[in-house]
Amino acid sequence: MKNKDLILPIIGIIFIASFVHFPQPAVDLTGKEWGTITKAKKKTVCILSDMRALSKEQVPLKKSAKKYVASLDAVLAINPELKEEEIRDILAAIAYKSEPDSHPALDKAYQKATIKKIEIHRWPADEAEAAPHTESLSLMLSPKLRAKFGLPSASK
-19 MKNKDLILPI
-9 IGIIFIASFV
1 HFPQPAVDLT
11 GKEWGTITKA
21 KKKTVCILSD
31 MRALSKEQVP
41 LKKSAKKYVA
51 SLDAVLAINP
61 ELKEEEIRDI
71 LAAIAYKSEP
81 DSHPALDKAY
91 QKATIKKIEI
101 HRWPADEAEA
111 APHTESLSLM
121 LSPKLRAKFG
131 LPSASK
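The following block contains the structure:
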């Protein structure tokens, strides 16, 4: 009798679990593939996977995933030659540039060749350049606010 009482809840759990979406394991994305992802949530999941890979190399990452997504978008926007590089390697270069605490761990990872050292030639000048939709947002602001923050005018 007890076995029959357990079968129905077990079948229910299996049925419900079939509808639950588990994030897929990360694949190594290139900058070109990164550019095709339109949903912020998917970019965040991808970057979290790469952040986890770097943390396995003992790389201390200080920023949030959202900040790394914004940095990656900005770096790729002004460095089209990085489209063939893997996102993990670009993320490592961003961490190396912006977080001095990461240097020893990244230097070891570069020596072991677990992460490819890449050269990023151009960096976003400021936070405004790191925001991907700054220009379109500026058009929604009043002319007074656009002038105050040095944004382009709506008549552009």
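For the sequence shown, the working numbering puts the final residue at 136, and the numbers step up evenly by one.
Cβ atoms here follow ideal geometry from the backbone N, Cα and C, with glycine treated the same way.
Alpha helix (DSSP H) segment containing residue i, residue limits
i, result
"Ala93", "Neither: Ala93 is in no alpha helix (DSSP H) and is coded neither H nor E."
"Gly102", "Checking the displayed sequence, the identity of residue 102 turns out to be Arg instead of Gly. Taken as a continuous stretch (DSSP letters only), Arg102 belongs to no alpha helix (DSSP H), as it is neither H nor E."
"Leu177", "As shown, the chain starts at -19 and ends at 136. That puts residue 177 outside it, with no answer to give."
"Glu13", "Gly11 to Thr16"
"Asp30", "Ala20 to Lys36"
Exposure of residue i, with buried meaning 16 or more beta-carbon neighbours within 10 Å
i, result
"Arg68", "buried"
"Lys23", "buried"
"Ile(-7)", "exposed"
"Glu99", "exposed"
"Ile74", "buried"
"Asp30", "buried"
"Ser44", "exposed"
"Ser35", "exposed"
"Lys136", "With a pLDDT of only 44 at Lys136, under the threshold of 50, the placement of this residue in the model should not be trusted, and no figure is reported."
"Ala54", "buried"
Residues that DSSP places opposite residue i in a beta bridge
i, result
"Glu66", "Thr10"
Rounded separation between residue i and residue j - CA only
i, j, result
"Glu79", "Lys46", "16 Å"
"Pro40", "Ala20", "23 Å"
"Glu66", "Glu13", "9 Å"
"Cys26", "Pro(-11)", "35 Å"
"Ser51", "Leu71", "9 Å"
"Val49", "Leu(-14)", "46 Å"
"Ile95", "Glu37", "9 Å"
"Pro123", "Pro84", "47 Å"
"Lys92", "Lys77", "20 Å"
"Thr10", "Ile(-4)", "35 Å"
"His101", "Ile58", "9 Å"
"Ile17", "Ile(-9)", "36 Å"
"Arg32", "Lys97", "18 Å"
"Leu56", "Ala105", "14 Å"
(message) Taking contact to mean 3 or more Cβ pairs, one atom from each stretch, closer than 8 Å, check whether the segment 76 to 90 and the segment 59 to 68 are in contact.
(response) Taking 8 Å as the limit for Cβ pairs, the verdict is that the segment 59 to 68 does not touch the segment 76 to 90.
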